[in-house]
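Enquirer: Structure in C-alpha cells, see below.
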Amino acid sequence: MQSDFPRVMQGTMIQMWASKLGLAKFDTALFNDMMKLMIETSVDYTIFFRELSNVPEDIAPIAKSFYGESVLNDKLMQQWTEWFGRWKALVNVKTKEEIEALSKKMKSVNPKYALREWFLVPTYKHATHGDYDLVHQLQEIMNKPYEEQSEEVENLFYREKPAELFDIAGVSHVTCSS
Numbered sequence: 110m111q112s113d114f115p116r117v118m119q120g121t122m123i124q125m126w127a128s129k130l131g132l133a134k135f136d137t138a139l140f141n142d143m144m145k146l147m148i149e150t151s152v153d154y155t156i157f158f159r160e161l162s163n164v165p166e167d168i169a170p171i172a173k174s175f176y177g178e179s180v181l182n183d184k185l186m187q188q189w190t191e192w193f194g195r196w197k198a199l200v201n202v203k204t205k206e207e208i209e210a211l212s213k214k215m216k217s218v219n220p221k222y223a224l225r226e227w228f229l230v231p232t233y234k235h236a237t238h239g240d241y242d243l244v245h246q247l248q249e250i251m252n253k254p255y256e257e258q259s260e261e262v263e264n265l266f267y268r269e270k271p272a273e274l275f276d277i278a279g280v281s282h283v284t285c286s287s
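Written as C-alpha cells, this is what we have:
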C-alpha cells in the first residue's frame, strides 16, 4: 500500500483538477499554464473556479477573481484570454443544455463559499464577548457552500480578501508555531 500511495495520490489529484476544470480528460499543458497564470496574476482560487463554473462567454467574469491591478496588464489579460479559449475548446459545449449541464457538474466540485481566516477573526472576537450571531451565520453558510445563497450573503462572503488584510498573520493566512 505504501508503495502505491504516490501513484494513487497523483491519480486522485489529476481527477480532482479535471473535475474542477470541467474536463473529461485532464490536460497537463492547460493546467500548468493556468497555475502559472494564477501565480502571476494573484488569483482568489475559490472565486476563480466558481466563476469558471458558470461557463462564461469570455474572461471578463473570471477577472473578478484577480487581485490588484492585474486586469490593467494587457499582456497578462491576453494570456488569460488565450488560456480561456483553449479551455473553452476542450470543454466543447455549444448548446444551452450542454452549458447548463457542465455548469451544474462544475458547481458540484467548486464551492461558492469557503471558510476563510479573515471571516473567522471577527466571528471569534464577537463570540468571546458572548455574541454568537456571526458563528451561527457562518455555520449556516458553510453547511451549504456549493449552493447559491442570498444576495446579502454573497456580498458579505463571496468576495476577495480586503487589501488591508494581506500582510496580517492570523488573518491573511493561518499561522503555525510548530
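The sequence shown maps to residues 110 to 287 in the working numbering. Ideal placement from N, C-alpha and C gives every residue a C-beta, glycine not left out. Computed from a prediction, not measured in an experiment: that's the story for all the values here.
1. Which same chain residues, not among the five before or five after MET331, have their C-beta less than 6 Å away from its C-beta?
2. Straight-line CA distance for ALA172 to ILE156?
3. Here's a check: name, in chain order, each residue in its chain whose Cβ is nearer than 6 Å to the Cβ of VAL202, leaving out the five neighbours to either side.
4. Alpha carbon to alpha carbon, how far is GLU160 from ALA269? Give it in angstroms, no decimals.
5. Is the separation between the beta-carbon of ILE123 and that of PHE135 shorter than 8 Å?
6. Measure the alpha-carbon distance for VAL117 versus GLN111 and round it to whole angstroms.
7. Once DSSP output is grouped into helix, strand and coil, what is the label at VAL61?
8. Please report the straight-line C-alpha distance between ARG195 and LEU185, rounded to a whole angstrom.
9. My guess is that TYR233 and PRO254 are in contact by the Cβ rule of under 8 Å, so how many angstroms apart are they, rounded?
10. By how many angstroms is the C-alpha of LEU243 removed from the C-alpha of TYR154?
11. My guess is that SER179 and THR150 are in contact by the Cβ rule of under 8 Å, so how many angstroms apart are they, rounded?
12. Check PHE114 in the structure and name its three-state DSSP category.
13. Please state whether DSSP places PHE135 in a helix, a strand or coil.
14. Below 8 Å on the Cβ atoms is my guess for GLY131 versus LYS214; work out the distance and round it to an integer in Å.
Expert: By the coordinates alone:
1. Lying outside 110 to 287, the shown extent of the chain, residue 331 is not represented and no answer is given.
2. Each residue's alpha carbon lies about 9 Å from the other.
3. So the list reads ILE208, LEU211, once near-sequence residues are dropped.
4. Position check: residue 269 holds Glu in this sequence, whereas Ala was assumed. Approximately 13 Å, taken between the alpha carbons.
5. Yes. Within cutoff.
6. Cα-Cα distance, rounded: 10 Å.
7. Here the chain comprises residues numbered 110 to 287, so residue 61 is not present and cannot be evaluated.
8. As the crow flies, the alpha-carbon of ARG195 is around 15 Å from that of LEU185.
9. Not a contact, Cβ separation roughly 19 Å.
10. Going by the C-alpha atoms only, they are around 24 Å apart.
11. About 5 Å separates the beta carbon of SER179 from that of THR150, a gap short enough to meet the 8 Å contact definition.
12. Looking at PHE114 - three-state DSSP - the assignment turns out to be helix.
13. Reduced to three states, the DSSP call for PHE135 is coil.
14. About 7 Å; that satisfies the 8 Å criterion.
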